[in-house]
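Colleague: So the sequence shown is numbered by this note's numbering: it starts at 1 and just counts up by one. Think of the CB as a built atom: it goes at the ideal place given N, C-alpha and C, for glycine as much as any other residue. Attaching a single structure in structure tokens format; questions to follow.
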Amino acid sequence: KKFGSHKPRPGGFGGKRNRPFKKRVCKFCAEGIEIDYKNVWLLKNYVSPKGKMLSSRFTGVCIKHQRLLTTAIKRARNIAILPFASL
């Protein structure tokens with residue numbers, strides 16, 4: 001056998017590799033929601049249970065709004081609305 005030789009499996013798409021890409025739409029662009037550091041209920045959705053900010057890969061937010069989210073989360077942490085870490 002040669003290294004890297006691959007036979008496609010019969011039936012279906014053949015695994016994750018050949019699935020069609022599903023385009024995600026940014027929630028903030030689609031619905032026109034404003035990002036504000038005082039809106040804790042919105043910001044909590046983009047922070048993990050341990051207190052880390054989630055990346056745009058997981059949240060599905062565009063780059064522009066991801067940057068606004070990070071600054072809003074950092075501001076909310078600095079004025080003690082959001083915790084830095086939760087135990």
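For leucine 43, I'd like the list of residues in its chain whose CB is within less than 7 Å of its CB, leaving aside the five on either flank, ordered along the chain.
Modeller: By 1-based counting over the sequence shown, the position of residue 43 is 43. The answer, listed in chain order, is Ala72, Ile73, Ala76 and Leu82.
Colleague: Using the C-alpha atoms, what's the distance from valine 47 back to serine 86?
Modeller: The residue you call residue 86 lines up with position 86 of the sequence shown. The residue you call residue 47 lines up with position 47 of the sequence shown. Looking at the two C-alpha atoms, the distance is approximately 11 Å.
Colleague: Check valine 47 in the structure and name its three-state DSSP category.
Modeller: On the sequence shown, position 47 is the one that residue 47 refers to. Strand, per DSSP.
Colleague: Which term fits isoleucine 33, buried or exposed, when burial requires 16 or more other beta carbons within 10 angstroms of its beta carbon?
Modeller: The residue you call residue 33 lines up with position 33 of the sequence shown. Label assigned to isoleucine 33: exposed.
Colleague: Look at the alpha carbon of valine 61 and the alpha carbon of alanine 30, and state the distance between them as a whole number of angstroms.
Modeller: The sequence position of residue 61 within the sequence shown is 61, counting from 1. The sequence position of residue 30 within the sequence shown is 30, counting from 1. Taking the straight line joining both Cα atoms gives about 10 Å.
Colleague: Between the alpha carbons of valine 25 and valine 40, how many angstroms are there, rounded?
Modeller: Stepping through the sequence shown from its first residue, residue 25 is reached at position 25. Stepping through the sequence shown from its first residue, residue 40 is reached at position 40. Distance between the alpha carbons of valine 25 and valine 40: 23 Å.
Colleague: Please report how far the alpha carbon of lysine 64 lies from the alpha carbon of lysine 50, in whole angstroms.
Modeller: Here the question's residue 64 lines up with position 64 in the sequence shown. Here the question's residue 50 lines up with position 50 in the sequence shown. Looking at the two C-alpha atoms, the distance is approximately 25 Å.
Colleague: Here's the rule I'm using: 16 or more other beta-carbon atoms within 10 Å means buried, otherwise exposed. How should isoleucine 35 be labelled?
Modeller: Within the sequence shown, residue 35 is the residue found at index 35, counting from 1. Result: buried.
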